[in-house]
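Residue numbers (the working numbering), protein chains in the order written: chain A, 1 to 211; chain B, 212 to 422.
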DNA sequence: CGCTGAGTTCAGCGAGCGATGAATTACGTC
DNA sequence: GACGTAATTCATCGCTCGCTGAACTCAGCG
């Protein structure tokens, strides 16, 4: 029977290939769990069960639930690549490019799980909230806005962040129709001008020189 | 000593006034708890402790944590009043009026707790998510947009909802500066035109007749 | 073969959770 | 002043949580 102890390896007639190793199936189950229920809501026992594995293995491989979380949330994109892709191109359509890049990020299934996990956890866990703030606002949107050379870049960056986060919330977290089912390019056309305005247009009500 | 049993009433030399009754202090503590940690994160024991009261009293007054939640989240505004206040006035500044009304809602401390509790819970609890969706989108923004008589009102309503929810997220949940510390009227001036565009301007990329 | 170390399971600890039921005390009413 | 009822506390139940330590089994190496 061998209900306990190390599991026999695959027949070894082929290279390491199809069957995923335990560690990565835990990671996949963790991503799914955190995406669905957030950090607190996802239990290590449920994650282990979804991975078809004993709960103690999570601590064997990752040490703690905390460290499993950061491993599962491994940085989902390269902020520098964003800048390279978005900053190039005509300045008067930078809004559309930002929205398109942001939505493409969320459309990829694994990355969507990661981002959902971050967002869902950020609502109640201050540490996850700081993670989102640093990655999205300070790490990506702010440098992007600053690079276009306008004044008041901090204020512009938070305005851009508010529209993008709201979009993700309605479309991917709450899944409100019809926005949730609309093709990316349609949303880009609708929201692009908003971002464009936040990035390049003068902001009323603020002293124009402030930054 | 009398550590158990009913507590003696106030000396009764004055009208019912200063000291709040048990039921409402539980409600206040519940609002604070749910606002800070969401439905799952706030425990009935912690709420009772914050109210200076035994945990069993919660079940005595409200029956269950569920029912305490709905009691604490009692509808925080009247959607009809919104329409009356926002629809009146020039059509080309309806965007500003919507943003102003939305922010004023959040600026009032008790209501902010209620809304925070809803939003924080909606991230992981589908029932709370439906609550937010019905109250904000279908109950308020959609009728408002429909009342202005434009086409594609459902799509417009979700776009408006995305910007408003994103604003609340950045400003009140994640508290990202400088947006979190900016006066209401400044934000109204910055975001108003966005809402205005979503409500009244033609939306590119969609067949103009669709609804 | 025999050893060692990594992979895996199991049983259980201590804490916290929502909820319950009995016991205790005070209020309101006749 | 006795009684019924509402308010309050306490002790506890059954459950789930993150985590630990011991035991067991296989792979790799000599």
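Built from N, CA and C at the ideal position, the CB exists for glycine as well. Computed from a predicted model, the values in this text were never measured in an experiment.
With 16 or more other CB atoms across the displayed protein chains lying within 10 angstroms of its CB, residue 373 (chain B) is buried. Spatial neighbours of residue 71 (chain A) in its own chain (CB-CB distance under 8 angstroms, excluding positions within 5 residues in sequence) are listed in chain order as 27, 30, 62.
The straight-line gap separating the alpha-carbon atoms of residue 140 (chain A) and residue 154 (chain A) is approximately 12 angstroms. Excluding residues up to 5 positions away in sequence, 236, 237, 240 lie with their Cβ nearer than 6 angstroms to the Cβ of residue 262 (chain B) in the same chain. Non-local beta-carbon contacts of residue 370 (chain B) in its own chain, meaning distances under 6 angstroms to residues more than five positions away in sequence, involve 409 in chain order. One finds nothing in chain B with a Cβ atom closer than 7 angstroms to the Cβ of residue 90 (chain A); even the nearest lies about 17 angstroms away.
Residue 405 (chain B) and residue 93 (chain A) do not touch by the CB rule: their CB atoms are close to 17 angstroms apart, not below 8 angstroms.
Counting C-beta pairs closer than 8 angstroms gives three or more between the region 114-123 of chain A and the region 33-46 of chain A, which meets the contact rule. Residue-level contact by beta carbon holds for residue 380 (chain B) and chain A, with a gap shorter than 7 angstroms. Chain order gives the chain B residues near residue 178 (chain A) as 365, 366, 369, where near means a beta carbon separation below 7 angstroms. The closest CA to that of residue 286 (chain B), considering only B:378, B:260, B:292, B:325, is found on B:325. Going by DSSP, residue 166 (chain A) is part of the alpha helix (DSSP H) stretching over 153-168.
By the Cβ rule, the region 293-307 of chain B does not count as touching the region 372-389 of chain B, because fewer than three pairs are nearer than 8 angstroms. Between the alpha carbons of residue 244 (chain B) and residue 379 (chain B) lies a gap of roughly 19 angstroms.
For the C-beta of residue 334 (chain B), the chain A residues within less than 8 angstroms are, from N- to C-terminus, 38, 119, 120, 123, 124, 173. For chain B, none of the residues of the region 64-83 of chain A brings a beta carbon within less than 8 angstroms of one of its beta carbons. Nearest neighbour of residue 112 (chain A) by Cα position, chosen from A:171, A:55, A:190, A:4, turns out to be A:171.
Per the C-alpha coordinates, the member of A:7, A:73, A:201, A:98 positioned closest to residue 116 (chain A) is A:73. Between residue 191 (chain A) and residue 86 (chain A), the C-beta spacing is not below 7 angstroms. Annotated as proximal: residue 176 (chain A) and residue 348 (chain B), with beta-carbon spacing under 7 angstroms. For residue 284 (chain B), no alpha helix (DSSP H) encloses it, and the DSSP letter there is neither H nor E. At least one CB atom of chain A sits nearer than 7 angstroms to the CB of residue 377 (chain B). In this structure, the beta-carbon distance from residue 105 (chain A) to residue 77 (chain A) falls below 7 angstroms.
Closer than 7 angstroms to the CB of residue 406 (chain B) there is not a single CB belonging to chain A. If you draw a straight line from the Cα of residue 360 (chain B) to the Cα of residue 344 (chain B), it is about 22 angstroms long.
In this structure, residue 264 (chain B) sits away from residue 314 (chain B), with a CB-CB distance that is not shorter than 7 angstroms. When only Cα atoms are considered, residue 21 (chain A) and residue 7 (chain A) end up about 11 angstroms apart. Assigned with DSSP and collapsed to three states, residue 242 (chain B) falls in helix. If you check each beta-carbon in the region 343-357 of chain B against every beta-carbon of chain A, the ones closer than 8 angstroms belong to 343, 344, 348. The shortest CA-to-CA distance from residue 60 (chain A) to any of A:80, A:142, A:83, A:23 is the one to A:23. Within chain A, the residues whose beta carbon sits less than 8 angstroms from that of residue 374 (chain B) are 162, 163, 166, 194, listed in sequence order.
Annotation: residue 143 (chain A) to residue 152 (chain A) spans about 12 angstroms, alpha carbon to alpha carbon. One finds 251, 335 in chain B with Cβ atoms closer than 7 angstroms to the Cβ of residue 41 (chain A), taken in chain order. Counting only Cβ-Cβ distances below 9 angstroms, residue 98 (chain A) has no contacts in chain B at all, with the closest Cβ about 14 angstroms away. Taking C-beta separations shorter than 8 angstroms and ignoring five residues to either side along the sequence, the partners of residue 407 (chain B) in its chain run 303, 304, 305, 306, 307, following chain order. Take residue 266 (chain B), set aside five residues on each side of it, and the residues of its chain with a beta-carbon closer than 7 angstroms to its own are 255, 256, 259, in chain order.
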